[in-house]
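S.K.:
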Amino acid sequence: MANDERFFNAGEYPTIEFRSTAVEQTGAGKMDITGDLTLLGKTHPITLQAEVVGSASEHPMSAVGAIGFTATGSFKRSQFGMDYLLTPPLVGDEVTLLFDGEFQQQTGAGETEAGQ
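Position in the sequence shown (first residue = 1) + 1 = this note's numbering.
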């Protein structure tokens, strides 16, 4: 289905990209991350709600500072032209994103100590 033109059409559009344009703190350890989502060759702004879930002054694998976070958000797939099975309504239009990740401190020239 990934290469199916009615869905992700990965043959023509092999990447989905999110580029942040602004981060606004909304509370202790909470923030809104606004950015541009590109899907199926179309770009639209979305906002993700993020929360810091933990931090360490020394990551157990890379020995550098790290911050863990989770981010959630949603968008309508029809905005990007993915409208197959919306009529009749067999597949929903609203897509929910959930992302868990971490940032690791850079120690110089864009590399962590473990990568040097």
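Every residue gets a Cβ at the ideal spot worked out from N, C-alpha and C, and that includes glycine.
#1: Tell me the DSSP bridge mates of Asp33?
#2: Going by Cα to Cα distance, which pick from Gln50, Ala67, Leu87 and Glu95 is closest to Gly28?
#3: For Ser58, which residues in the same chain have their Cβ closer than 6 Å to its Cβ, ignoring the five residues on either side in sequence?
#4: Take the Cβ of Gly74 as the centre, count every other Cβ of all protein chains shown within 10 Å, and call the residue buried at 16 or more, exposed below.
#5: At the level of alpha carbons, what is the spacing between Phe100 and Thr71?
#6: With 16 other CB atoms within 10 Å as the buried threshold, where does Phe104 fall?
M.R.: On the basis of the data shown:
#1: Answer by DSSP bridge pairing, in chain order: Glu25 and Gln50.
#2: Considering only alpha carbons, the answer is Gln50.
#3: Cβ within range, chain order: Gly66.
#4: Buried, because 16 or more other Cβ atoms sit within 10 Å of the Cβ of Gly74.
#5: The alpha-carbon atoms of Phe100 and Thr71 are separated by roughly 6 Å.
#6: That one is exposed.
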